[in-house]
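In my numbering, the protein residues as written are 106 to 190.
Cβ coordinates follow ideal geometry from the N, Cα and C atoms, glycine included.
Here the structure is a predicted model, which is why all the values come from computation and not from measurement.
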């Protein structure tokens, strides 16, 4: 009888340890967005519960660079690089 009680007590202790361990599935944090096309986020396990309100004033545009064209060397032109120590 005492052996069964001790075994049951050990099982409860182990299950409790699993429940409060780092691998506890109930500790996972989630993030929600009212418009996931505008903003998304991720949360780590140690994230605090918070609420943010984000306003978008202007939609971003693709960046572009303007440079001078690069001349191509024809097969008749040669370029020599000299490296000295």
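Check: Do you know offhand how far residue 135's Cα is from residue 126's?; Outcome: 18 Å
Check: Got a sec, what are the start and stop residues for the alpha helix (DSSP H) residue 115 sits in?; Outcome: 107 to 124
Check: Taking DSSP as the reference, what is the three-state secondary structure of residue 132?; Outcome: helix
Check: Are the Cβ atoms of residue 161 and residue 143 separated by less than 8 Å?; Outcome: yes
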